[in-house]
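Novice: Counting in my numbering, the sequence shown runs from 1 upward without gaps.
Just so it is clear, CB atoms sit at the ideal spot from N, CA and C, and this is done for glycine as well.
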Amino acid sequence: MNEHNEAGQGMVSLRRGAPFYAAGEEGHAWRLVSGTLRLDHDDDTGPRFAGLAMTGDVVGAETLLFGRYTFSAHALSPCTLKPWTQAADAAASGFWLQAVAAAERRMGALLALRCGKATERIRKLLALMGGSGCAVVLPRLRDIADITDLTLETVSRTITSMGADGTLDVQGRHRVRWVRDVME
Numbered sequence: 001m002n003e004h005n006e007a008g009q010g011m012v013s014l015r016r017g018a019p020f021y022a023a024g025e026e027g028h029a030w031r032l033v034s035g036t037l038r039l040d041h042d043d044d045t046g047p048r049f050a051g052l053a054m055t056g057d058v059v060g061a062e063t064l065l066f067g068r069y070t071f072s073a074h075a076l077s078p079c080t081l082k083p084w085t086q087a088a089d090a091a092a093s094g095f096w097l098q099a100v101a102a103a104e105r106r107m108g109a110l111l112a113l114r115c116g117k118a119t120e121r122i123r124k125l126l127a128l129m130g131g132s133g134c135a136v137v138l139p140r141l142r143d144i145a146d147i148t149d150l151t152l153e154t155v156s157r158t159i160t161s162m163g164a165d166g167t168l169d170v171q172g173r174h175r176v177r178w179v180r181d182v183m184e
C-alpha cells in the first residue's frame, strides 16, 4: 500500500482518499505537516474507525517499538508528511508530554463527534479539520459517516441542508467554507 508521491527531501504528498500505510506493514514514524489522516483498526469485520491525526501530529510512532504499523491510515484531505525520528523533537522540551495531552484532548473531541444531532456532529468534525471561517476539503461521505457514526444518507442530507440554510458555502463537491456557526 505504500505508494507515496515523493515530493523531495523525504516529504510525501497524498491526495484526498489516498491510502498511506496499512496495519502490519513495516515502516517508520511520520510528522503530519498539513492535512488530516484517518486511522483504522482492522478486525474480523474489516477496517473500523479508530482515530484522526491532525496537522502537527506524529503518526506511526508505534514502529519505533514494534517495527510495524498498528493502524491503517488514509488521507481525509490532501496531506503532506515528512519522516520523523525521536531526535527530530528531542530538543523540544516536554514534546512527549505535549503529545500525550494533545492525544487525550483529541480523544474527547472524537467521542463528541459520535453523539448529538447530525448537524452538530458534522460541524464539529469540519471544525476539527479546519476551523470556523476556513475552507475545508470535505472527506469522502463514507468517512464522515464512519467518524460521526451516522448513515451515509444522513451525512449527505445534512451537508445539503447546511448548504441550503447558509451554514456552509458548498464550493463544488469537495470543498466547503463556514458562512455562519450553527451555534449562533
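1) On a CA-only basis, which of LEU128, TRP30, PHE20 and VAL58 is nearest GLY10? Give me that one, please.
2) Please report how far the alpha carbon of THR55 lies from the alpha carbon of ASP165, in whole angstroms.
3) If you reduce the DSSP assignment to three classes, tell me which class LYS124 lands in.
4) Roughly how many whole angstroms lie between the Cα atoms of GLY17 and LEU37?
5) Based on Cα-Cα distance, which residue from PRO19, GLU62, THR158 and ARG142 lies nearest to LYS117?
6) Mind checking which residues open and close the beta strand (DSSP E) that includes ALA192?
7) Measure the beta-carbon distance from LEU185 to ARG142 and round it to whole angstroms, keeping in mind my assumption that it falls under 8 angstroms.
8) Going by beta carbon distance, what residues of the same chain come within less than 7 angstroms of ASP40, once the five residues before and after it are set aside?
9) In angstroms, rounded to a whole number, what distance separates the CA positions of THR167 and ARG15?
10) Taking LEU64 as the reference, which of ALA53, THR85, SER161 and ALA75 has the closest Cα?
11) Select from ALA53, LEU81, PRO83 and ASP44 the residue whose C-alpha is nearest the C-alpha of ALA99.
12) Straight-line CA distance for GLY108 to ASP42?
13) Under a Cβ-count criterion, where at least 16 other Cβ atoms within 10 Å of its own Cβ denotes burial, should GLY35 be classed as buried or exposed?
14) Leaving out five residues on either side along the sequence, give the residues of the same chain with a beta carbon under 6 angstroms from the beta carbon of ARG197.
15) Less than 8 angstroms between C-beta atoms, sequence neighbours within five positions excluded: which residues of the same chain meet that for VAL155?
16) Take the Cβ of LEU81 as the centre, count every other Cβ of all protein chains shown within 10 Å, and call the residue buried at 16 or more, exposed below.
17) Tell me which residue opens and which closes the alpha helix (DSSP H) that GLY60 is part of.
Specialist: In this structure, then:
1) For GLY10, the nearest C-alpha among the options comes from TRP30.
2) 30 angstroms
3) helix
4) 9 angstroms
5) Across the set PRO19, GLU62, THR158 and ARG142, the C-alpha of THR158 shows the shortest separation from the C-alpha of LYS117.
6) Because the chain is modelled from 1 through 184, residue 192 falls outside the range shown and cannot be assessed.
7) Beyond the ends of the chain as shown, which are 1 and 184, falls residue 185; an answer cannot be given.
8) PRO47, ARG48, PHE49, ALA50, PHE71 and SER72
9) 26 angstroms
10) Per the Cα distances, THR85.
11) ALA53
12) 22 angstroms
13) buried
14) No information on residue 197 is available, as it lies outside the stretch 1 to 184 that the chain covers here.
15) Excluding residues within five positions, the ones whose Cβ falls inside 8 angstroms are ALA118, ILE122, LEU141, ILE144, ALA145 and THR148.
16) buried
17) That residue, GLY60, is in no alpha helix (DSSP H); it is neither H nor E in DSSP.
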